[in-house]
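K.L.:
Chains as they are written, first to last, in the numbering used here: chain A, 4 to 455; chain B, 4 to 455. This is the structure I have questions about; it appears just below.
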């Protein structure tokens, strides 16, 4: 049965200024209104954990799906289909009559009037606001590099990267100039964090194993895969020995790892790093992120990456009714270093905020400060090795890969997605066949094959 | 091991005029060169059946994938993922060293010089040419309707239709004007052939069953799904009693079937049919097709739909070295009516051409005229009914649906895709969950939610 919510007067009519839309007049049934912006790991966890609390929740996202970002690189590298790692938000919450899902883009927050402003002039009033709006990849003041070095944050990013990867091989097959062919078979990944390492490892396997034999004029094993990192080692969040292991594992897959080489230029022809120019037609960006504009909406203090400098309880200074969680928030962990921008951290923060809201409504003492518990760091190198750092336990190689794989399947939402991802992985192992080798959005005659 | 083909002089250097590119100089090892344009059902079958023949094959397609078009409507209606019904062509042919796959767009045919002209100025010489370039949906001289009534021929068409369908419900959830809400919940499908029937049935199920309970301000069961057909009955390729059964089955799903009502206008606001105006924000086109421009490339006689009027042996009049098959060819079946534009017909024609080429090369007598054997007609109405017409056997209902489902899974390429599609269907049955409910390529703030 579809839920029907009667249209009655807003409880906050006195506070609402300017245009009063029908959306605003929709009722919360007199309940405390929690508005959550963002259906990623943080926002979704907060929504889930508020179950049973005496609140009316409005969850706003500009996309209709929750995305399992840790596996996004597998969509980009033809291992998984888009629908295997994304799930419609309103479908996840269909059994929750206390939750209203809105597909809308937030344009700002009226903190005085306690309203979230939407595209089209609508506004949604709140008693408590949770901003979980995430981050985008960023180019450190070089936004002009974006067309040449796409990043990886959305499903469209992933299909764009996939199209570029596959088209590079197709164009190399048709290329008659040997220099051009080598440029087409050169793949540069900028940034040695987990995403960069995972992209480089999978692209190397794609070129050296999976695509072998599919072409007649090129040998895909002639491909050059280069991972460029400005710092002294890859995977800086891991211990030094795990970083060294990962570097060795990548090199065994045929990846060239360039350390201590910041990128200084990037265009359609290639990339300049550490004073060296490399001709390459495919450049991928995995080097940095910029938080969503939540700090601007709130006029709140932020760090250089745009993350809101929140209080220890994740509220915005001067606004105890506004929480910021996940990649948009900057808060220190118990060891004095910033809480990392990873899914488990966002989920812990979302859960903490739900508990805080629940305690406040019951008049109980506040949960105090958010305490981040680091469960561990994981990264894969291709389909046969991984590094796992639980602090008390460090693993590499095959065992680490299996642990990584099981953990990711476990954290996927829904039995069906788990089966589908397991089936896709099984096929890569058994048959070497990657299931999502589709070039879409632009065919051979379109922009995609155009010579830049 | 990747195949390496040496670059030697073309066997047809004397016939080649103008620019001689490196592509042309690539060798066929002195073998008879067959160029096949189009990796759909006809072109792929011809390639497969030429296995072992003393020929060198170049298969050209502007997309990198073979598409299982009979299930495309299921991608459009959120049942299947794109990668479940598409497979990279060069991967399908990786074990065939005699086949070279080219991702390229054909711009014309130089019949005098026996060369296929490609984008970018390249040309591929042939001794025998097979054109299997398919058809696009067509608007009977009303191309201005296309933006308002998208058709369904490519994967991008399917994701476009899916986005429009899902966004209509999202926009209805946010709509405050009741007339606008009703227009958003009105879905018109133009054309009562199998595609139109299958779209209408699935959209009705989506609205009346699967999406129920996901929204808070609309009842998706208020949706209106209208199937408009200009002729006197739907599914005209079936017998009259099966047409009548299909109409009743659609009506049971809540579809309004409008017969004998040609569409005379179509815009962002709705559609005019049989003198009646219906406000609707989602209009889908399943009413007609236009063949690819093969006839223009060849300067060959064509029918109104642009199909080449081929000889009984599927060659082009005056060009025994050029074959046309599938949706681009017009030839009569043994009963004197045109061979239908369906996958089995294209596959039979592709196989016939492969046999003819083989016979010619052996100096055997030609296989004579192509004889079409109609295996049967199938169409589904939602997920519980179908109509099957084998001539000697007619089935409806549940049994027909199962036969339809098994036949389609059988004809999918690859064990993995069969498992994946079976899993997706199983989940729709068991859980009512459709796996591909993603809105991609345009978010809430983009064109997609813009008010036209």
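We treat Cβ as the ideally placed atom computed from N, Cα and C, and that holds for glycine.
Can you name the residues of chain A whose CB is closer than 7 Å to the CB of residue 318 (chain B)?
P.N.:
By one-based count along the second chain, residue 318 (chain B) stands at place 315. Ordered by position in chain A, no residue passes the 7 Å Cβ test against residue 318 (chain B), which lies about 27 Å from the chain.
K.L.:
For residue 371 (chain B) and residue 320 (chain B), what's the separation of their Cα atoms in angstroms?
P.N.:
In the second chain, counting from the first residue as 1, residue 371 (chain B) sits at position 368. In the second chain, counting from the first residue as 1, residue 320 (chain B) sits at position 317. Distance between the alpha carbons of residue 371 (chain B) and residue 320 (chain B) is about 15 Å.
K.L.:
Confirm, please, whether the CB-CB distance from residue 155 (chain B) to residue 205 (chain B) is below 9 Å.
P.N.:
Translated into the one-based positions of the second chain, residue 205 (chain B) becomes position 202. Translated into the one-based positions of the second chain, residue 155 (chain B) becomes position 152. No, they are not a contact pair.
K.L.:
In the DSSP assignment, the beta strand (DSSP E) including residue 392 (chain A) goes from what residue to what residue?
P.N.:
Taking the first residue of the first chain as 1, we reach residue 392 (chain A) at position 389. Note, residue 392 (chain A): beta strand (DSSP E), 388–392.
K.L.:
Please list the segments of the alpha helix (DSSP H) lying wholly inside the stretch 387–445 of chain B, counting only runs of 4 or more residues, in order along the chain.
P.N.:
Whole alpha helix (DSSP H) segments, 4+ residues: 400–414, 418–434.
K.L.:
Using CA coordinates, which residue listed in A:305, A:216, A:161 is at the minimum distance from residue 333 (chain A)?
P.N.:
Within the first chain, residue 333 (chain A) is the residue found at index 330, counting from 1. Out of A:305, A:216, A:161, A:305 has the C-alpha closest to the C-alpha of residue 333 (chain A).
K.L.:
Buried or exposed: residue 181 (chain A), going by 16 or more other Cβ atoms within 10 Å of its Cβ?
P.N.:
The residue you call residue 181 (chain A) lines up with position 178 of the first chain. The residue in question, residue 181 (chain A), is exposed, as its Cβ has fewer than 16 Cβ neighbours within 10 Å.
K.L.:
If you measure from the beta carbon of residue 314 (chain A) to each beta carbon in chain B, is any gap under 9 Å?
P.N.:
Reading the first chain from its first residue, position 311 is the one you call residue 314 (chain A). False, the Cβ-Cβ gap to chain B never drops below 9 Å.
K.L.:
Looking at chain A, which residues of the stretch 99–113 of chain B have a Cβ within less than 7 Å of any of its Cβ atoms?
P.N.:
Within the stretch 99–113 of chain B, the qualifying residues are 103, 105, 106, 107, 108.
K.L.:
Apply the 10 Å Cβ neighbour rule to residue 217 (chain A) and answer buried if 16 or more other Cβ atoms are within range, or exposed otherwise.
P.N.:
Taking the first chain and counting its residues from 1, the one referred to as residue 217 (chain A) is at position 214. With 16 or more Cβ atoms within 10 Å of its Cβ, residue 217 (chain A) is classed as buried.
K.L.:
Can you pull the chain B neighbours of residue 430 (chain A), defined as C-beta to C-beta under 7 Å?
P.N.:
Residue 430 (chain A) sits at position 427 when you count from the first residue of the first chain. Within 7 Å Cβ-Cβ: 419.
K.L.:
Quick one: grab the DSSP three-state call for residue 324 (chain B).
P.N.:
For this step, residue 324 (chain B) is matched to residue 321 along the second chain. Correct three-state label for residue 324 (chain B): strand.
K.L.:
Give me the chain B residues within the contact set of residue 335 (chain A), using Cβ-Cβ distance strictly less than 9 Å, ordered along the chain.
P.N.:
Position 332 of the first chain, counted from the first residue, corresponds to residue 335 (chain A). Neighbours of residue 335 (chain A) on chain B: none; closest Cβ ~33 Å, over 9 Å.
K.L.:
Quick one: list the residues of chain B neighbouring residue 436 (chain A), beta-carbon separation under 9 Å, in chain order.
P.N.:
One-based indexing of the first chain puts residue 436 (chain A) at position 433. Near residue 436 (chain A) (Cβ distances below 9 Å), the residues of chain B are 94, 417, 419.
K.L.:
Could you tell me if residue 369 (chain A) is buried or exposed, where buried requires 16 or more neighbouring beta carbons within 10 angstroms of its beta carbon?
P.N.:
Numbered from its first residue, the first chain carries residue 369 (chain A) at position 366. Exposed is the call here.
K.L.:
To be precise: take each residue of the stretch 161–177 of chain B, compare its Cβ to all Cβ atoms of chain A, and keep it if any distance is under 7 Å. Which residues remain?
P.N.:
From the stretch 161–177 of chain B, only 169, 173, 177 have a Cβ closer than 7 Å to chain A.
K.L.:
Does any C-beta atom of chain B lie closer than 9 Å to the C-beta of residue 369 (chain A)?
P.N.:
Residue 369 (chain A) sits at position 366 when you count from the first residue of the first chain. No, because no Cβ of chain B sits closer than 9 Å to the Cβ of residue 369 (chain A).
K.L.:
Which residue wins for smallest C-alpha separation from residue 489 (chain A), given the options A:308, A:325, A:309, A:59?
P.N.:
Residue 489 (chain A) cannot be examined here, being either before or after the span of chain A that is shown, 4 to 455.
K.L.:
How would you list, in chain order, the residues of chain A whose beta-carbon sits under 8 Å from the beta-carbon of residue 3 (chain B)?
P.N.:
Any answer about residue 3 (chain B) is impossible in this case: the structure gives chain B only from 4 up to 455.
K.L.:
Which term fits residue 395 (chain A), buried or exposed, when burial requires 16 or more other beta carbons within 10 angstroms of its beta carbon?
P.N.:
Here residue 395 (chain A) refers to the residue found at position 392 of the first chain. Exposed: under 16 other Cβ atoms inside 10 Å.
K.L.:
Could you give the DSSP three-state label for residue 211 (chain B): helix, strand or coil?
P.N.:
Translated into the one-based positions of the second chain, residue 211 (chain B) becomes position 208. The answer is helix: DSSP assigns residue 211 (chain B) an H, G or I state.
K.L.:
What residue range is occupied by the uninterrupted beta strand (DSSP E) comprising residue 184 (chain B)?
P.N.:
Position 181 of the second chain holds residue 184 (chain B). Element bounds for residue 184 (chain B): not the beta strand (DSSP E) but the alpha helix (DSSP H), 181–187.
K.L.:
What does DSSP give as the partner residues of residue 227 (chain B) in its beta bridges?
P.N.:
Position 224 of the second chain, counted from the first residue, corresponds to residue 227 (chain B). Answer is B:189.
K.L.:
Could you work out which residues of chain A lie near residue 1 (chain B), taking near to mean beta carbons separated by less than 7 Å?
P.N.:
Because chain B here runs from 4 to 455, residue 1 (chain B) falls outside it and cannot be looked at.
K.L.:
DSSP three-state label for residue 113 (chain B), please.
P.N.:
One-based indexing of the second chain puts residue 113 (chain B) at position 110. DSSP places residue 113 (chain B) in strand when its eight states are reduced to three.
K.L.:
Comparing C-alpha positions only, which one of A:416, A:412, A:290 sits nearest to residue 427 (chain A)?
P.N.:
Position 424 of the first chain holds residue 427 (chain A). Taking only the C-alpha atoms, the option nearest residue 427 (chain A) is A:412.
K.L.:
Quick one: is residue 159 (chain A) near chain B, going by C-beta distance under 9 Å?
P.N.:
Here residue 159 (chain A) refers to the residue found at position 156 when the first chain is read from its first residue. Judged by the 9 Å Cβ criterion, residue 159 (chain A) is in contact with chain B.
K.L.:
Using a Cβ-Cβ cut-off of 9 Å, state whether residue 11 (chain B) counts as contacting chain A.
P.N.:
Looking up residue 11 (chain B) in the second chain gives position 8. Unreliable positioning characterises residue 11 (chain B) in this predicted model, as indicated by a pLDDT of 31, which lies under 50. The coordinate reading is nonetheless provided below. Closer than 9 Å: no.
K.L.:
With distance defined between alpha-carbon atoms, name the residue in B:94, B:49, B:418, B:400 nearest to residue 213 (chain A).
P.N.:
Your numbering for residue 213 (chain A) matches position 210 in the first chain. Looking at the Cα atoms, B:94 is the closest of the given residues.
K.L.:
Quick one: which unbroken alpha helix (DSSP H) runs of 4-plus residues sit fully inside the stretch 265–315 of chain B? Chain order, please.
P.N.:
You should have 297–301.
K.L.:
Taking a Cβ distance cut-off of 8 Å, strictly less, list which residues of the stretch 194–219 of chain A are near chain B, in chain order.
P.N.:
Here the close residues are 215, 216, 217, 218, 219.
K.L.:
Please decide whether residue 296 (chain A) counts as near chain B, where near means a Cβ-Cβ distance under 9 Å.
P.N.:
In the first chain, residue 296 (chain A) corresponds to position 293, counting from 1. Chain B contact via Cβ: absent.
K.L.:
Go through its chain and collect everything with a Cβ distance to residue 48 (chain A)'s Cβ below 6 Å, but skip five positions before and after it.
P.N.:
As a working note, residue 48 (chain A) is residue 45 in the first chain. Closer than 6 Å at Cβ, skipping near neighbours: 350, 353, 354.
K.L.:
Touching or not, the stretch 157–167 of chain A and the stretch 75–87 of chain A, by the rule of three or more beta carbon pairs under 8 Å?
P.N.:
Flag = yes, the stretch 157–167 of chain A and the stretch 75–87 of chain A touch.
K.L.:
Would residue 270 (chain B) pass as an interface residue toward chain A - the criterion being a Cβ-Cβ separation below 9 Å?
P.N.:
As a position in the second chain, residue 270 (chain B) is number 267, starting the count at 1. Closer than 9 Å: no.
K.L.:
Could you check whether the stretch 42–60 of chain B touches the stretch 42–61 of chain A, counting it as contact only if at least three pairs of C-beta atoms, one from each stretch, sit closer than 8 Å?
P.N.:
Result no; under three Cβ-Cβ pairs closer than 8 Å.
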